[in-house]
Structures are given as C-alpha cells and as structure tokens.
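Worksheet: one structure, shown below.
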Amino acid sequence: MTAWLASAGIAGIAVGFAAKDTLANLFSGVFILADSPYKIGDYVVLDSGERGKVTHIGIRSTRILTRDDVEVTIPNAIMGNSRIVNESGGPHEKYRVRVQVSVAYGSDIDRVKAVLMEVAQGCDQICTDPEPRVRFRLFGPSGLDFELLCWIDHPELRGRILEQLNSSVYKRFMADSIEIPYTKQDLYIKEFPHPAADD
Numbered sequence: 017m018t019a020w021l022a023s024a025g026i027a028g029i030a031v032g033f034a035a036k037d038t039l040a041n042l043f044s045g046v047f048i049l050a051d052s053p054y055k056i057g058d059y060v061v062l063d064s065g066e067r068g069k070v071t072h073i074g075i076r077s078t079r080i081l082t083r084d085d086v087e088v089t090i091p092n093a094i095m096g097n098s099r100i101v102n103e104s105g106g107p108h109e110k111y112r113v114r115v116q117v118s119v120a121y122g123s124d125i126d127r128v129k130a131v132l133m134e135v136a137q138g139c140d141q142i143c144t145d146p147e148p149r150v151r152f153r154l155f156g157p158s159g160l161d162f163e164l165l166c167w168i169d170h171p172e173l174r175g176r177i178l179e180q181l182n183s184s185v186y187k188r189f190m191a192d193s194i195e196i197p198y199t200k201q202d203l204y205i206k207e208f209p210h211p212a213a214d215d
C-alpha cells in the first residue's frame, strides 16, 4: 500500500506539472472572454512587437493575422500576462498617423504648414473629422521639425497611407523649393604642416 501511494503521488505530481500550462491557458481564456480587452477584428500590438488583426479567441489560445498574412497562435496565458495595445479600442476605431519632417532654417514656416495641409487634404483616405493638423515641434540641430497629424479609418492602413503621405510631401517640397536638411560637417584647416627640412 505504501509503494502504491508513493507511485500515485509521483504520478499526480507529473500530471499536475503537465497540466499546469493547459490550466493556465484555460483560466486566462475565460478571463479574456469575460473582460474583453480585445475582440475579433481588433488590431493589436503585442509586447514582442508583433502587430495584427485578431481572427480567433479560444479558450486555450488567441490567433492574430499579421500584415504579412501570417497567422500567429499565442497561448492565452501569455496574452493574459502581456501588455497589449488595442489600436482599434477607444471611443472609435480611427487611428492617428504622424508624418515627421524637417525643413531648413530660413524656410517660410507658414508656407511649410500650408503645403503639409494641402498634402493631407489631397489624400482621400484621410478623415476630415477630426481634421488634419500641423504642429511646429522644435528647433532641431539641422532644421525646423514639423509634424503632420492625420486620422485614418483603420489602424491596418497606417503603413500604406504613411508611404503615400511621405511621397506626396517630398514631391511638393521639391516643387516648392522647400529644402529638407541633412547632417553636414564643415572641416576647416588652419594651416598646412611645413615640410621637414632635409638633413
């Protein structure tokens, strides 16, 4: 009887260790379904940096579809203990994109603001409510730093619209002769060394 009880105890410990992760995933899945930090169709960013749309929420795991059309399955125990940014959460699903650009000192800042606003208003995928805005952020080491703030309908469109806005800003700056500065270094030589006298 003693040997049988000892064997049963060892087997119970082994089963407990084997089932620990499964039970953690099940409990986390119940809490996720009850608390609803995200739902199917939401666009989330994980601690690991992965971004994607939630396609399935199960008792054991959550699946997200990345922008590369790769489905990632994540145990609910990890989801329950991670910091998750739900970009589709909040009062509405709209998402704000930021286009950061620098112009050379001496540029007409009013003209720069007007050009950036025209670029935003010329993009049909930019929301009109809230309307785009331009902010003069700071005096940078090489230029004046501006930021164009725009709202889009869905977070997953961010990369595509940023590419479109960046291209339009560059073309407009070139057409309007607005200089985009880059780091430059000037080297001054005070004097050339004199050649050594021949012995």
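Whatever position you read off the sequence shown (first residue = 1), add 16 for the numbering used here.
All C-beta atoms, glycine included, are put in the ideal place defined by N, C-alpha and C.
C-alpha of L164 to C-alpha of M133: approximately 8 Å in a straight line.
Leaving aside the five residues that flank L178 on each side, the residues in its chain whose CB is nearer than 8 Å to its CB run, in chain order, V113 and V115.
Judged by pairs of C-beta atoms under 8 Å, the segment 188-200 does not touch the segment 95-102, as fewer than three such pairs exist.
With respect to P53, R76 sits apart: the two C-beta atoms are not nearer than 8 Å. Assignment of beta-bridge partners to R79 by DSSP yields H72 and T89. With respect to R149, F162 sits apart: the two C-beta atoms are not nearer than 8 Å.
Put simply, the backbone Cα of I56 is about 31 Å away from that of N182. Between the alpha carbons of Q137 and V88 lies a gap of roughly 37 Å.
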